[in-house]
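All remarks here apply to the structure that follows.
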Amino acid sequence: MGARDFESVLEVRNLHVAYLSRAGVPASVIADVSFDVRSGEIVGVLGESGSGKTTLAASLLRLLPSNGKIQHGSITFQGRDVLQAEPRELESLRGKRIALINQEPSVALHPTMRVSDQVDEVLAAHEHLSRKARRERLQKVLGALFPTETERISSSYPHQLSGGQRQRVLIAQAIACGPSLLIADEPTASLDPATQREILSVFENVRRRFGIAIIFITHNPSLLAGLADRVLVLYAGRVAEFGPAENVLFHSLHPYTRALLGCLPPPYGTSAVNRKTKLPVIAGDSPNVDFLSLGCRFEPRCEDRFEHCRTREPVAVSPANEHVVSCFKFGR
Amino acid sequence: MPALNGVSLSIAPRSTLALVGESGSGKSTLALCLACLERPSSGKIWFGGRDIAALDENQMRAVRPQIQLIFQDPASSLNPRFTALEIVTEPLVLQRRWKGRQTREEGFALLERVGLSAEMASRRAGEFSGGQKQRLAIARALSLEPKILILDEALSALDCSAQARITNLLLELQSSFALTYLFITHDLAMAAHIADEIAVMNRGRIVEQGVPQKLLDSPEHEATRCLVAATPQSIMTSRMLGA
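Chains as they are written, first to last, in this note's numbering: chain Z, 21 to 352; chain Y, -16 to 226.
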């Protein structure tokens, strides 16, 4: 349609996903989620466990478990409707045009295959290339991720590698076919901070060198500062807030985002007086998706709630340029 | 290959020592030695006036309840077939501390102490959230009235809101039960918040130990400087506070 649609790699509109219980009762896990990812952009998805992050990632590739149902909405990837795609077309999307990196690097790799063979397997599955062309591509990809020791790592088995190196192998597999979009679900959760930093810079590089857009899913807000261009905050399957990372992380609007970021321990440069004191917490529990009220899903825990928050669902409003927030504090 | 190489440290009673260092630096091995689950090849570990590294297996069994471990992944440290009550009372049963109804009552008291209601007592481990599972692991550790809790990355797998709650619980328990903590972590900001002292491990050695403020403001060892530089938290929160 407009020029903006053209530059989006992915557009998600009003997506609703539910899991059906054995009795067939749907529990809404993703509700009315809309966002877009522009080419070469890193979008951070921030949410606590149970907020629907992983379900969202699986929905984008239509990899939901059998009791998961996409109820409404649209997912458009490079102008193609993912929800209407035939199995053949889906196969050409998954792993080739859209790559997915899952949470556990230790279980994602085959324990008895060499690194080069595991990356080659991805190429063999998706690309019609001669053996020679494949080997060249393999060299290029592994060379990009392991600039030093390319040879040694290529012929190693996963157990001979560190956690950070294994994560790099997964990234190599993901970018081997030159996707336009990479979805990374908590890719650094099991790594120590130094390795975490290192892997974040690998993602940064992948984006810069190959122009791959990245959806970076995490529960740790501090990873997104300096990495993501835009940040989407999920709460109980709804978008609380979406906008430029700078705004969302440092000038948050939604009461949930503010409360969540407030839970972080204070920086240690500040006075020693506050040490060993209690940290602020978000009162109450995450909502049970089986018993949702009519109103805003954050209302029972919100410190800024109004009377009508309980009965009406807030609509996304945009108080600042590009910054969208679903909260009555900002209108409607 | 020595996993630990000439480690010396001390923890004052009722205080918290944070142990930080990159993966593979020997933090968890040290934790296992202190908990009498691994025997050092040489050296002494003084606890309650005794060298616990030199005890025989029988004597160790008497010491172990006093030094309890809590791990990173509560899901894999809790028996999925047990109810919450069974989980927290299992140590009491194994140690034959109480019988029948007494055990149950003690179990309910433990659950309440860590903020889990009595109605959750009959749920199984899988029905709890990550933070609640960690509460269960803490309740189980407390059942034997330990003097020291070793928290090995106990907060790392949790969301930041759950982290804050468990941190608050730990602070509360420390003051009401006069507990001593060894807090093993990657998270320097959290270490600085809850610890009285921080010790930095690198390649099996303690390279630096001191009060948080001093250690983080003017790190002396290269390993400490690397850790400080790699901490995203420091950038994040200092900016969020409008600095």
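All C-beta atoms, glycine included, are put in the ideal place defined by N, C-alpha and C.
{"Item": "Min CB distance Y/A(-14) to chain Z below 9 Å", "Value": "no"}
{"Item": "Any C-beta of chain Z under 9 Å from that of Y/I177", "Value": "yes"}
{"Item": "Supposed contact pair Y/L132 and Y/M173 - C-beta distance, whole angstroms, cut 8 Å", "Value": "Not confirmed; about 15 Å, so no contact."}
{"Item": "Alpha-carbon to alpha-carbon, Z/L314 and Y/G4", "Value": "48 Å"}
{"Item": "Three-state secondary structure (DSSP) of Z/R250", "Value": "strand"}
{"Item": "Beta-carbon proximity of Z/K73 to Z/L254, cut-off 9 Å", "Value": "yes"}
{"Item": "Whole alpha helix (DSSP H) elements within the segment 80 to 154 of chain Z, 4-residue minimum", "Value": "107 to 113, 125 to 128, 135 to 146"}
{"Item": "Chain-ordered neighbours of Y/S144 on chain Z, where CB pairs are closer than 7 Å", "Value": "E68, L280, C283, V301, I302"}
{"Item": "Per-residue burial, Z/L281 [other beta carbons within 10 Å of its own, 16 or more giving buried]", "Value": "buried"}
{"Item": "Cβ separation of Z/V53 and Z/L76, assumed to be a contact under 8 Å, to the nearest whole Å", "Value": "7 Å"}
{"Item": "Neighbour flag for Y/T207 against chain Z, beta carbons, 9 Å", "Value": "no"}
{"Item": "Host alpha helix (DSSP H) of Y/H228 (start-end)", "Value": "The structure shown has nothing for residue 228 of chain Y, since chain Y only spans -16 to 226."}
{"Item": "Residue span of the alpha helix (DSSP H) that contains Y/M43, given as start and end", "Value": "40 to 46"}
{"Item": "Within chain Z, partners of Y/N151 - CB distance below 7 Å", "Value": "K298, L299, V301"}
{"Item": "Close-in-space but distant-in-sequence residues of the same chain around Z/L103 (CB under 7 Å, 5 per side omitted)", "Value": "I90, S94, I95"}
{"Item": "Alpha carbon of Y/S126 to alpha carbon of Y/Q157, nearest angstrom", "Value": "14 Å"}
{"Item": "Closer than 9 Å to chain Z by CB, Y/P(-4)", "Value": "no"}
{"Item": "Outcome for Y/L224 when other beta-carbon atoms lying within 10 angstroms are tallied against a minimum of 16", "Value": "Caution applies to Y/L224, whose pLDDT of 47 falls short of 50 and renders its modelled position unreliable; the value that the coordinates give is listed next. Y/L224 is exposed by the Cβ-count criterion."}
{"Item": "Chain-ordered neighbours of Y/E227 on chain Z, where CB pairs are closer than 9 Å", "Value": "Absent from the model: residue 227 of chain Y. The displayed extent of chain Y is -16 to 226, so no value can be given."}
{"Item": "Chain Z contacts made by the segment 89 to 112 of chain Y, where a contact means CB separation under 8 Å", "Value": "S112"}
{"Item": "Cβ pair Y/L141, Z/K296 closer than 9 Å", "Value": "no"}
{"Item": "Neighbouring residues, chain Z, relative to Y/T214 (Cβ below 7 Å)", "Value": "P213"}
{"Item": "Z/P183 at chain Y interface by Cβ criterion, 9 Å", "Value": "The residue asked about is misnamed: residue 183 of chain Z is Gly in this sequence, not Pro. For Z/G183, the answer is yes, since a Cβ of chain Y falls inside 9 Å of its Cβ."}
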